[in-house]
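**Student:**
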Amino acid sequence: MKPITKEDYLDFIREHGAVSIENSEIEIGSRHEIEKYQPGEFSLETTTVWSFPSRGRWATHRGDYRGNWPPQLVRNLLIRYSRPGEWVLDQMCGGGTTLIECKLLGRNAIGVDINYEALMLTLDRLNFAYRPEGLGEPEIRVYQGDARNLNLVEDESIDLVATHPPYADIIPYSRGRAKGDLSRSSSLEKYLRAMRDIAAESFRVLRPGRFCAILVGDTRRRRHYIPIAFRVMQQFLDAGFILREDVIKCQWRMRRSREKWMGLVRAAEGCWVERPRGRRYWTDFLLISHEHLFIFRKPQEGEDTSRYALSMRWW
């Protein structure tokens, strides 16, 4: 892990007016015109299905970083599973959504990402003055590093882990797919081995009795469903976590998949159960429009976990 400072950010914007994430250029370095620092309407979710059709745009939140998670989801996690002044870790922080919410809600935060330009975007989005009412100003630390090796994060020093890893071969988050970028994994097996290491590091740095939240999606190959999320869940259960919640998060604005398939699915409405002709594979599968938000708990020291055997590793 390498600390990334405000000076690193200032040096970067002197030479660059934008960062490149996949094929998108995102401008940075300009003064933020912030209309509001908190959402106009917000309430905690009470069921295991979360849906946010309109992306939150308070403070510096924007939807221009492909694959990032909505601030409403992060806010739910922070309020429900952490307290002001505690430490939150997002070891694949991307465009900084988690860290922005930590700043607004008075949580100290550590953000790690393998992509240097993503960290520049994170620091740009954090570049505004705000002090939560009645709370001390939180400490935000940013590092370039690999989520599989959090060498500068001490054992049992984190109160909440909340992260949204890249999907296996879905969205390349690092330009040129930097070495260590999970989205460049050449096989599902390699991706899952990496997730196993990430689960072990998450378990190591998390305080006993506290929570780890991870948002993961699935994919298809040859028209058949691949349950990546459940295989990732197994890596975390293998590490020693207990499954507390499995939240279904509805997906909106799925640009790439909708561009590719939506018109073709409509064309198939009258022949849904027909046998595909030639390569007309679009006639017999459903678009994936959900993700899994797994919330795990690390057992307390000496806790009798036999009561939770059905929520733990079963194989």
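Numbering-wise, the numbering used here puts 97 at position 114 of the sequence shown, and it's gapless, one number per residue.
C-beta atoms are modelled at their ideal positions from N, C-alpha and C, and glycine is treated no differently.
Taking just the CA atoms, how far does residue 207 sit from residue 74?
**Tutor:** Between residue 74 and residue 207, the C-alpha separation is close to 31 Å.
**Student:** Return yes when the Cβ of residue 103 is within less than 8 Å of the Cβ of residue 17, no when it is not.
**Tutor:** No, they are not a contact pair.
**Student:** Whole angstroms are fine: how far does the CA of residue 197 sit from the CA of residue 147?
**Tutor:** Approximately 6 Å, taken between the alpha carbons.
**Student:** Look at the alpha carbon of residue 93 and the alpha carbon of residue 71, and state the distance between them as a whole number of angstroms.
**Tutor:** If I take the Cα positions, the gap works out to 6 Å.
**Student:** Ignore the nearest five residues each way along the sequence and tell me which others in residue 298's own chain have a CB closer than 8 Å to its CB.
**Tutor:** Cβ within range, chain order: 217.
**Student:** Can you give me the Cβ contacts of residue 65 inside the same chain, cut-off strictly under 7 Å, excluding the 5 residues immediately before and after it?
**Tutor:** Cβ within range, chain order: 71, 90, 142, 143.
**Student:** Which complete beta strand (DSSP E) runs does the region 76 to 114 hold, if anything under 3 residues is left out?
**Tutor:** Listed in chain order, the complete beta strand (DSSP E) runs (minimum 3 residues) inside the region 76 to 114 are 91 to 96.
**Student:** Please work out which residues of its chain come closer than 7 Å, Cβ to Cβ, to residue 125, disregarding the five sequence neighbours upstream and downstream, and give them in chain order.
**Tutor:** Only -13, 94, 102, 105, 106 meet the Cβ criterion.
**Student:** If you check the beta carbons only, do residue 219 and residue 281 fall under 8 Å apart?
**Tutor:** Not a contact, by the Cβ cut-off of 8 Å.
**Student:** On the criterion of 16 or more Cβ atoms from any shown chain inside 10 Å, does residue 51 qualify as buried, or is it exposed?
**Tutor:** Buried, since its Cβ has 16 or more Cβ neighbours within 10 Å.
**Student:** Taking Cβ to Cβ, would you say residue 212 is nearer than 8 Å to residue 201?
**Tutor:** Yes, the Cβ-Cβ distance between residue 212 and residue 201 is below 8 Å.
**Student:** For residue 288, name the three-state secondary structure that DSSP assigns.
**Tutor:** Note: residue 288 maps to helix in three-state DSSP.
**Student:** Measuring CB to CB, does residue 134 end up less than 8 Å from residue -16?
**Tutor:** Going by C-beta atoms, residue 134 is nearer than 8 Å to residue -16.
**Student:** Quick check: residue 7 and residue 49, are their CB atoms within less than 8 Å of each other?
**Tutor:** Yes, they are a contact pair.
**Student:** Give me, in chain order, the residues of the same chain whose beta-carbon lies closer than 6 Å to that of residue 60; leave out the 5 immediate sequence neighbours on both sides.
**Tutor:** Same-chain partners within the cutoff: 145, 196.
**Student:** Taking DSSP as the reference, what is the three-state secondary structure of residue 71?
**Tutor:** Strand at residue 71.
**Student:** Restricting to Cα atoms, I'd like to know which of 291, 84, 273 is closest to residue 31.
**Tutor:** Selected option, being the one with the closest Cα: 273.
**Student:** In angstroms, rounded to a whole number, what distance separates the CA positions of residue 185 and residue 139?
**Tutor:** C-alpha separation (whole angstroms): 9 Å.
**Student:** Taking just the CA atoms, how far does residue 215 sit from residue 209?
**Tutor:** Those two C-alpha atoms are separated by around 12 Å.
**Student:** Over the uninterrupted beta strand (DSSP E) stretch that includes residue 8, give me the two end residues.
**Tutor:** Unbroken beta strand (DSSP E) run through residue 8: 7 to 10.
**Student:** Does residue 1 come out as helix, strand or coil in the three-state DSSP assignment?
**Tutor:** Of the three classes helix, strand and coil, the one that applies to residue 1 here is strand, per DSSP.
**Student:** Starting from residue 118, trace the beta strand (DSSP E) in both directions and tell me its first and last residue.
**Tutor:** Residue 118 -> no beta strand (DSSP E), and no H or E assigned at all.
**Student:** Take residue 193 and list the residues in its own chain whose beta-carbon comes closer than 7 Å to its own, dropping the five residues that flank it on each side.
**Tutor:** Once the five neighbours on either side are set aside, the close Cβ partners of residue 193 are 142, 143, 281.
**Student:** When you compare only the Cα positions, how much space is there between residue -8 and residue 27?
**Tutor:** Going from the Cα of residue -8 to the Cα of residue 27 covers about 34 Å.
**Student:** By alpha-carbon positions, which one of 55, 98, 111 ends up nearest to residue 13?
**Tutor:** Checked all of 55, 98, 111; the closest Cα to residue 13 is 111.
**Student:** Tell me which same chain residues have a C-beta within less than 8 Å of the C-beta of residue 118, skipping the five on either side of it?
**Tutor:** Excluding positions up to five away in sequence, the list reads 67, 68, 89.
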